[in-house]
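Colleague: Okay, so the sequence shown: first residue is 39 according to this note's numbering, each after it adds one.
Got a structure here, written out as structure tokens. Questions coming.
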Amino acid sequence: MSRVLHRAGGMPPVAVSGEGVMLRLADGREVIDGSGGAAVACLGHGNARVAAAIGRQAAKLAYAHTGFFTSEPAEALADLILEGAPGGLSHAWFCSSGSEGTEAAVKLARQYFVEIGQPARTRFIARRQSYHGNTLGALAAGGNMARRVVYEPILAEAFSHVSPCFAYRFQNEGESDAAYVDRLAAELEAEFARLGPETVAGFIAEPVVGATAGCVPALAGYFERVRAICDRHGALLILDEVMCGMGRTGSLHAWEQEGVAPDIQIVAKGLGGGYQPIGGILIGARIVAGIAAGSGAFLHGHTYQAHPVACAGALEVQRIIREDGLLANVRAMGARLEAALTDRFGNHAHVGDIRGRGLFQAIELVADRAAKRVFDPELKLHERVKRAALERGLAVYPMGGTIDGRRGDHVLIAPPYIVTAAEIDTIVDRLGAAVDAALAEL
Ligand SMILES: Cc1ncc(COP(=O)(O)O)c(C=O)c1O
39 MSRVLHRAGG MPPVAVSGEG VMLRLADGRE VIDGSGGAAV ACLGHGNARV
89 AAAIGRQAAK LAYAHTGFFT SEPAEALADL ILEGAPGGLS HAWFCSSGSE
139 GTEAAVKLAR QYFVEIGQPA RTRFIARRQS YHGNTLGALA AGGNMARRVV
189 YEPILAEAFS HVSPCFAYRF QNEGESDAAY VDRLAAELEA EFARLGPETV
239 AGFIAEPVVG ATAGCVPALA GYFERVRAIC DRHGALLILD EVMCGMGRTG
289 SLHAWEQEGV APDIQIVAKG LGGGYQPIGG ILIGARIVAG IAAGSGAFLH
339 GHTYQAHPVA CAGALEVQRI IREDGLLANV RAMGARLEAA LTDRFGNHAH
389 VGDIRGRGLF QAIELVADRA AKRVFDPELK LHERVKRAAL ERGLAVYPMG
439 GTIDGRRGDH VLIAPPYIVT AAEIDTIVDR LGAAVDAALA EL
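As structure tokens, this is what we get:
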């Protein structure tokens, strides 16, 4: 009997080791990690350089309290990822997960406005069908209805939600891209007006929505409109790149492809590639200056923030991404993945949409392509695909509730940045067989 309270209920297979894109299970099976878990394992598994860097740091200095000390790896990691102050982001604050990053982003935004003499700013606007983490603050910010529902009565009311930019599902028939973006901008404006613009501290969004809706990029111009609205009302733009960031979409930051930069950016998964639990926020210079001119310190912290071993692991991951030119591989293999998915599923009767950026792609499954009709949620098609894929030696990341937390099924594919063309082809082959097998069960 296992004494671990497992995430999905029941006893999952035991993963014992990994090498490159492969995971090995205790029963001898080999599985291709086609989604790096939840788009985490950006370097794949068993990277000896990262393991050695972690070991060296653990032996040298595993822990020193950040209330008293900084550490060499934390300083070096911040220097590396903020080299050239991308988009005006000048400082980093490290924690142990994406959820902690969201909490920190929200608290920093709130403190910033108190420090600069705008204490009325207590509200945050976020979007439906997005996810910002599972701690209570981050869950309140998120719009993943399935994950919120049980906890709704204890979630903070400081957050409200507007529509996502999700063209496949919510762009009207005959509505141009520009008109759809106009409609969303007007909705956001109306939400600022409803709340009172002087009460809004920030707008939070994932540049490419990850697991909740299945790799949904915004339409061109959307984030520029959002940035302009935030600026006009003096609110901060907080971009959650926990899943889509640190190279996953082919640029180091997903926002680089949107023509805007955030005031605060949340990062996590690809930062440490799963070798260490690490997340963080990247912070715009004016926010740092506002705090410095006020109380002088961020009124927030965790025992394990900027953990030296976690930072050493992430530092090595980030060095390898740069030294091995892996972003070029993300772009090349991302194009290959998109082409292979289009080839396999472009005419599939039950695949309504293929979308994403770089090595961050998803297919959306539908009962009827023309009507975009979903399968009955009770069938739990996404779980069937997950099972059928695993039986074929492939781990991908299927989810249900694509549209509203209940309806819709999608499968997210996010292989490591080191993936080869042959491995992409195998992933898509096995996914094709798994989807067909899952559909045949219905
Ligand atoms: C966009 C986004 N934000 C935040 C989180 C929360 O990160 P964590 O699970 O590390 O707390 C996730 C996790 O899936 C995520 O995808």
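For every residue, glycine included, the Cβ atom is placed at its ideal position computed from N, Cα and C.
#1: Given Ala-130, which residues of its chain have a CB within under 8 Å of its CB, disregarding the five upstream and five downstream residues?
#2: By Cβ distance, which residues of its chain are closer than 6 Å to Ile-154, with the 5 residues on each side in sequence left out?
#3: Measure the Cβ-Cβ separation of Thr-237 and Arg-161 and say whether it is below 7 Å.
#4: Residues bridged to Gln-399 by DSSP?
#5: Of all the options Val-412, His-271, Ser-73, which has the alpha carbon lying nearest to the alpha carbon of Leu-233?
#6: Could you pull out every unbroken alpha helix (DSSP H) segment of at least 4 residues lying fully inside the region 134-161, listed in chain order?
#7: How about Ala-433: is its Cβ closer than 6 Å to a heavy atom in ligand 1?
#8: Considering only heavy atoms of ligand 1, does any lie closer than 6 Å to the CB of Ala-184?
#9: Should the region 427-445 be called in touch with the region 59-77, which here means at least 3 C-beta pairs below 8 Å?
#10: When burial is assigned at 16 or more other CB atoms within 10 Å of the CB, is Gly-212 buried or exposed?
#11: I'd like to know if the region 122-139 and the region 165-176 are in contact, where contact means that at least 3 CB-CB pairs between them fall below 8 Å.
#12: Consult DSSP for Ala-194 and reduce its assignment to one of helix, strand or coil.
#13: What three-state label does DSSP hand Asp-362 in the structure shown?
#14: Would you call the region 364-381 and the region 410-427 touching, i.e. three or more CB-CB distances under 8 Å?
#15: How about Gly-318: is its Cβ closer than 6 Å to a heavy atom in ligand 1?
#16: Does ligand 1 have even one heavy atom less than 6 Å from the beta-carbon of Ser-134?
#17: Can you tell which of Ala-89, Gly-56, Ile-92, Asp-65 has its C-alpha closest to the C-alpha of Gly-75?
#18: On the three-state DSSP scale, how would you describe Glu-421?
#19: Let me check you understand the geometry: is the CB of Gly-240 closer than 6 Å to at least one non-hydrogen atom of ligand 1?
#20: So for Ile-456, helix, strand or coil by DSSP?
#21: Is there contact between the region 97-109 and the region 338-350, where contact requires at least three CB pairs shorter than 8 Å?
#22: To the nearest whole angstrom, what separates the beta carbons of Tyr-313 and Gly-363, a pair I think is in contact under 8 Å?
#23: Nearest to Ser-198 by CA position, among Val-457, Gly-105, Ile-163, is which residue?
#24: Compare the beta carbon distance of Cys-253 and Ala-79 with 7 Å and say whether it is the shorter of the two.
#25: List the endpoints of the continuous alpha helix (DSSP H) containing Ala-176.
#26: Which of the three DSSP states, helix, strand or coil, is assigned to Phe-383?
#27: Apart from the five residues just before and just after Ala-223, which ones in its own chain have a Cβ nearer than 6 Å to its Cβ?
#28: Where Ser-134 and Ala-408 are concerned, what is the direct C-alpha to C-alpha distance, given to the nearest angstrom?
#29: Based on the DSSP secondary-structure assignment, which residues constitute the bridge partners of Met-437?
#30: Is Glu-211 near ligand 1 - that is, is its Cβ less than 6 Å away from at least one heavy atom of it?
#31: For His-170, verify whether its CB is less than 6 Å away from any heavy atom of ligand 1.
#32: Give the DSSP bridge partners of Met-60, in chain order.
#33: When you measure from the CB of Met-281 to every non-hydrogen atom of ligand 1, does any distance come out below 6 Å?
#34: Exposed or buried, Glu-461, counting other C-beta atoms within 10 Å across all chains shown (16 or more means buried)?
#35: Could you give the distance in angstroms between the alpha-carbon of Ile-359 and the alpha-carbon of Ala-472?
Modeller: Taking the geometry as given:
#1: By 1-based counting over the sequence shown, the position of residue 130 is 92. Closer than 8 Å at Cβ, skipping near neighbours: Leu-115, Ala-116, Ile-119, Leu-120, Gly-318, Ile-319, Leu-320, Ile-321.
#2: Position 116 of the sequence shown, counting from 1, holds the residue named residue 154. The beta carbon of Ile-154 is closer than 6 Å to those of Gly-328 in its chain, skipping five residues each way along the sequence.
#3: The count along the sequence shown starts at 1 and reaches residue 237 at position 199. The count along the sequence shown starts at 1 and reaches residue 161 at position 123. Yes; because the gap between Cβ atoms is below 7 Å, this pair is in contact.
#4: Start at 1 with the first residue of the sequence shown, and residue 399 comes out as number 361. Gly-394, Ile-451, per the DSSP bridge assignment.
#5: Translated into positions along the sequence shown, residue 233 becomes position 195. Per the Cα distances, His-271.
#6: Listed in chain order, they are 136-153.
#7: Taking the first residue of the sequence shown as position 1, residue 433 is located at position 395. It does not: the Cβ of Ala-433 is nowhere closer than 6 Å to a heavy atom of ligand 1.
#8: In the sequence shown, counting from the first residue as 1, residue 184 sits at position 146. No; taking the cut-off as 6 Å, the Cβ of Ala-184 has no heavy atom of ligand 1 nearer than that.
#9: yes
#10: Here residue 212 corresponds to residue number 174 of the sequence shown, with the count starting at 1. Looking at its Cβ environment, which holds fewer than 16 other Cβ atoms inside 10 Å, Gly-212 is exposed.
#11: yes
#12: Position 156 of the sequence shown, counted from the start, is the residue given in the question as residue 194. Coil at Ala-194, not helix or strand.
#13: In the sequence shown, residue 362 corresponds to position 324, counting from 1. Three-state result, Asp-362: coil.
#14: no
#15: Residue 318 sits at position 280 when you count from the first residue of the sequence shown. Incorrect: Gly-318 has no Cβ contact closer than 6 Å to ligand 1.
#16: In the sequence shown, residue 134 corresponds to position 96, counting from 1. Checking the Cβ of Ser-134 against ligand 1 gives no.
#17: The residue given as residue 75 occupies position 37 in the sequence shown. Ranking Ala-89, Gly-56, Ile-92, Asp-65 by Cα distance to Gly-75 puts Gly-56 first.
#18: On the sequence shown, residue 421 is found 383 positions in, with the first residue counted as 1. Here Glu-421 sits in helix by DSSP.
#19: Looking up residue 240 in the sequence shown gives position 202. Not so, every heavy atom of ligand 1 lies at least 6 Å from the Cβ.
#20: Translated into positions along the sequence shown, residue 456 becomes position 418. Coil at Ile-456, not helix or strand.
#21: yes
#22: On the sequence shown, residue 313 is found 275 positions in, with the first residue counted as 1. On the sequence shown, residue 363 is found 325 positions in, with the first residue counted as 1. The pair is not a contact, with the Cβ atoms about 20 Å apart (cut-off 8 Å).
#23: Along the sequence shown, one-based indexing puts residue 198 at 160. If we check each option's Cα against that of Ser-198, Ile-163 comes out closest.
#24: Residue mapping note: residue 253 aligns to position 215 of the sequence shown, counting from 1. Residue mapping note: residue 79 aligns to position 41 of the sequence shown, counting from 1. The answer is no: Cβ separation not under 7 Å.
#25: As a first step, residue 176 must be located in the sequence shown, where it is residue number 138. That run of the alpha helix (DSSP H) goes 174-179.
#26: Your numbering for residue 383 matches position 345 in the sequence shown. Helix.
#27: Position 185 of the sequence shown holds residue 223. Hits under 6 Å: Arg-263.
#28: Counted from its first residue, the sequence shown places residue 134 at position 96. Counted from its first residue, the sequence shown places residue 408 at position 370. Ser-134 and Ala-408: Cα-Cα distance of roughly 44 Å.
#29: Here the question's residue 437 lines up with position 399 in the sequence shown. According to DSSP, Met-437 bridges with His-448.
#30: Taking the sequence shown and counting its residues from 1, the one referred to as residue 211 is at position 173. Not under cutoff, so the answer is no.
#31: Within the sequence shown, numbered from 1, the residue matching residue 170 stands at position 132. Checking every heavy atom of ligand 1 against the Cβ of His-170, one is found closer than 6 Å.
#32: Numbered from 1 along the sequence shown, position 22 holds the residue referred to as residue 60. Answer by DSSP bridge pairing, in chain order: Glu-57, Ile-70.
#33: For the purposes of this step, residue 281 is identified with residue 243 of the sequence shown, where counting begins at 1. Yes - ligand 1 has a heavy atom lying nearer than 6 Å to the Cβ of Met-281.
#34: By 1-based counting over the sequence shown, the position of residue 461 is 423. Result: buried.
#35: As a first step, residue 359 is located in the sequence shown; it is residue number 321 there, counting from the start. As a first step, residue 472 is located in the sequence shown; it is residue number 434 there, counting from the start. Roughly 31 Å between the two C-alpha positions.
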